[in-house]
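Below you'll find the structure, written out as structure tokens, and then a few comments.
Number of protein chains: 2
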Amino acid sequence: MSAGRTARERVRAELIREITEIARRQLATEGAAGLSLRAVAREMGMVSSAIYRYFASRDELLTALIIDGYNAVGEAVERADANAGAADFAGRWLAVCRAVREWALEHPHEYALLYGSPVPGYKAPEDTVPAAMRDTVVLARIIGEAHAAGALEPSGPCPPALAGDMARVRSALFMDVPDEVIVRGLTAWAGLYGTVSFELFGQFNNVIEERAAYFDHTMTLLGRLAGLKP
Amino acid sequence: MSAGRTARERVRAELIREITEIARRQLATEGAAGLSLRAVAREMGMVSSAIYRYFASRDELLTALIIDGYNAVGEAVERADANAGAADFAGRWLAVCRAVREWALEHPHEYALLYGSPVPGYKAPEDTVPAAMRDTVVLARIIGEAHAAGALEPSGPCPPALAGDMARVRSALFMDVPDEVIVRGLTAWAGLYGTVSFELFGQFNNVIEERAAYFDHTMTLLGRLAGLKP
DNA sequence: GTGATGTCAAGAGCAGTGCTCTCGATTCGG
DNA sequence: CCGAATCGAGAGCACTGCTCTTGACATCAC
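Going line by line, the protein sequences match chains A and B.
For the first sequence, UniProt numbering begins at 1 and goes up steadily by one.
For the second sequence, UniProt numbering begins at 1 and goes up steadily by one.
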């Protein structure tokens, strides 16, 4: 990935890296709406038009930051899962949830860029998909291994209308579990990010003060819903 | 509320109404980021500075739209709840969930303004709170009445650390239910909006196609988590 | 080595934004 | 009826994303 051949390519890659780094810092302080190409250029001692040699538009720069963000939360999730006891499936689920929440609290603007409203005028760049799947892959692995170990509680049936969707999820995430397990996992997945978003976007203001304790308990409830015994 | 005394006050109220209406239409087509005071003024045949006689800033106009949005979804929820059989608590829960989802699908940009990332540079105007509570009041009433009717399944305990928060919620929403019921209701509440946000913000792309069927099933699972028997 | 080729930063400029201030005209209240 | 309050218009400031042209530089083939 590194080792650009010519010197030109090397300095070009370095400049792209520097631009994204400054942009990420601005994103962290000002938010996505305050990210300005001109400000990035100013901080680099360049003129604004020069940035366009490296990013065709502001949205393209934003997309690069989105991909980096998905990878960052994916890495945090993978690390949290690896540090938990492999056979303690409920513990792994809770550790992963906590990792998502902690990353979100540390990078609120980046989280908003990933899981908030899609700002830049509705676009869903396809190249963000693989990075966006890293956390779901981890969650799927936890549930899959718990199922293989016979550690999942039995659950009610899944509507036949969802069979096609469940089959797609099963193959995309390399799961070997029945439909009713997948659909409950998806519910817990949405509940995780819904709870984090509520906390970050202010819906818990004047409602929940003991954020960490509430989060742990809610995630435990969702884990049980997914079949994970505490 | 109407019947401004002087003619000036009447035309002023009418102009404020017209501004918000045009702004809401622009919001619906362009999104929050594309809402432009100058464009609103242009469409009204006014000059941009004249708008500032009625709204001190773009953010203030946005806040007015936010309050209107909360009231709109609150009304939709109240109507859905009223149209369901009073004693069918699970049915009322599902009807309310569907009302939220349908409103969100019909007004995606407004929904993003309410439940997405807080765009206008982090502010939480206090005057949005009462409007934002209308839907949660309905949800609380369903669970409260179900509990009073003895229709809730028993649930595990709630951590004592959350007793203070639960007491605050209980008094704010006029609920007469124990802590463990409240915390499960909150979990279902966050799950509802998390699911709607996931669908609207693109996280279900290439994952779930049978959106309505999946939504109904997920909401039923969350309703059961809250104690509502199907 | 030298000349052609491609890449680069810089600058000017366009169209748009939120917002402020001033200046006449209109309207209201006493 | 007259002073005071309110209003719309206009100019202007400091920004933004983005385009186009220009001249300097490095790279590569010969």
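We put the CB at the ideal spot given by N, CA and C, even for glycine.
**OP:** Ignore the nearest five residues each way along the sequence and tell me which others in S48 (chain A)'s own chain have a CB closer than 7 Å to its CB.
**Re:** Excluding positions up to five away in sequence, the list reads L37, R38, A41.
**OP:** Just the C-alpha distance for G74 (chain B) and R92 (chain B), rounded to the nearest angstrom, thanks.
**Re:** 15 Å
Original post:
Which residues of chain B have a Cβ atom closer than 8 Å to the Cβ of E210 (chain A), listed in chain order?
Top reply: A161, L162, G164, D165
Subject >> Chain-ordered neighbours of F174 (chain A) on chain B, where CB pairs are closer than 8 Å >> reply: What F174 (chain A) touches in chain B: nothing, since even the nearest Cβ is about 15 Å away.
**OP:** Starting from M166 (chain B), follow the alpha helix (DSSP H) in both directions and report where the run begins and ends.
**Re:** 163–172
Original post:
Cβ atoms of G85 (chain A) and A190 (chain B): under 9 Å apart, would you say?
Top reply: no
Original post:
Which residue comes first and which comes last in the alpha helix (DSSP H) that contains G194 (chain B)?
Top reply: 179–200
Original post:
Does the distance from the C-beta atom of E206 (chain B) to that of A131 (chain B) stay below 9 Å?
Top reply: The identity of residue 206 (chain B) in the sequence shown is Asn, whereas the question assumes Glu. Not a contact, by the Cβ cut-off of 9 Å.
**OP:** On the DSSP bridge assignment, give the partners of L228 (chain B) in chain order.
**Re:** For L228 (chain B), which the question treats as bridged, DSSP gives the partners B:L152.
Original post:
Using the beta-carbon of each residue, which ones in chain B are nearer than 7 Å to P118 (chain A)?
Top reply: F201, G202
Original post:
Does the distance from the C-beta atom of G116 (chain A) to that of F201 (chain A) stay below 9 Å?
Top reply: yes
**OP:** In the DSSP assignment, find the unbroken alpha helix (DSSP H) run with R10 (chain A) in it and report its ends.
**Re:** According to the DSSP assignment, R10 (chain A) belongs to the alpha helix (DSSP H) that extends over 7–30.
Original post:
Quick one: which chain A residues come within Cβ less than 7 Å of Y54 (chain B)?
Top reply: Within chain A, no residue comes near Y54 (chain B); the closest Cβ sits about 24 Å away, beyond 7 Å.
Original post:
Is there at least one non-hydrogen atom of the ligand ATP closer than 8 Å to the beta-carbon of N206 (chain A)?
Top reply: You won't find the ligand ATP in this model; it holds no ligand whatsoever.
**OP:** Pick helix, strand or coil for Y111 (chain A), following the three-state DSSP scheme.
**Re:** helix
Original post:
In terms of residues, what are the limits of the alpha helix (DSSP H) holding C158 (chain B)?
Top reply: Note, C158 (chain B): premise wrong, no alpha helix (DSSP H); not H, not E.
Original post:
Considering only residues of the same chain and omitting the five flanking positions on each side of G144 (chain A), which have a CB-CB separation below 7 Å?
Top reply: M175, D176, V177
**OP:** Could you tell me the distance, in whole angstroms, from the CA atom of H109 (chain A) to the CA atom of A23 (chain A)?
**Re:** Roughly 12 Å between the two C-alpha positions.
Subject >> Secondary structure of A213 (chain B), DSSP reduced to three states >> reply: helix
Original post:
Buried or exposed: which applies to G185 (chain B), given that a residue is buried once 16 or more other Cβ atoms fall within 10 Å of its Cβ?
Top reply: buried
**OP:** Out of A:E30, A:M44, A:M166, A:I51, point me to the one whose CA is closest to P118 (chain B)'s CA.
**Re:** A:E30
Original post:
Does the separation of the CB atoms of K229 (chain B) and A151 (chain B) fall below 9 Å?
Top reply: yes
Original post:
In or out: E126 (chain A) buried (at least 16 other Cβ within 10 Å) or exposed?
Top reply: exposed
Original post:
Would you report the Cα separation of L139 (chain A) and C97 (chain B), rounded to the nearest angstrom?
Top reply: Whole-angstrom Cα-Cα distance: 26 Å.
Original post:
Start and end of the alpha helix (DSSP H) containing P130 (chain B)?
Top reply: 129–132
**OP:** Under the assumption that L65 (chain A) contacts T20 (chain A) (Cβ atoms under 8 Å), give the Cβ distance between them as a whole number of angstroms.
**Re:** 7 Å
Subject >> Between the CA atoms of R10 (chain B) and A3 (chain B) - distance to the nearest angstrom >> reply: Per-residue confidence for A3 (chain B) stands at a pLDDT of 48, beneath the threshold of 50, marking its modelled position as unreliable; no derived number is given.
Original post:
Mapping DSSP to helix, strand and coil, what is S117 (chain A)?
Top reply: coil
Subject >> G191 (chain B) at chain A interface by Cβ criterion, 9 Å >> reply: It does; some Cβ of chain A falls within 9 Å.
Original post:
In angstroms, rounded to a whole number, what distance separates the CA positions of M1 (chain B) and M166 (chain B)?
Top reply: Because M1 (chain B) sits at a pLDDT of 39, beneath the cut-off of 50, its placement in the model cannot be relied upon, and the following sentence gives the value as read from the coordinates. Whole-angstrom Cα-Cα distance: 36 Å.
Original post:
Since Y214 (chain A) meets chain B, which of its residues come closer than 8 Å, beta carbon to beta carbon?
Top reply: L162, D165, V183, L186
Original post:
Considering only the beta carbon of each residue, do L173 (chain A) and M133 (chain A) sit closer than 9 Å?
Top reply: yes
**OP:** Could you tell me which chain B residues have their CB closer than 7 Å to the CB of A151 (chain A), listed as they occur along the chain?
**Re:** None at all; the shortest Cβ gap to chain B is about 19 Å.
**OP:** Say whether chain B places a C-beta atom closer than 9 Å to the C-beta of R168 (chain A).
**Re:** yes
Original post:
Can you tell me the Cα-Cα spacing of E52 (chain B) and A33 (chain A), whole angstroms?
Top reply: Here residue 52 (chain B) turns out to be Tyr, not Glu, going by the sequence shown. Taking the straight line from one Cα to the other gives about 22 Å.
Original post:
Looking at G69 (chain A) and E209 (chain B), is the spacing between their C-beta atoms short of 9 Å?
Top reply: no
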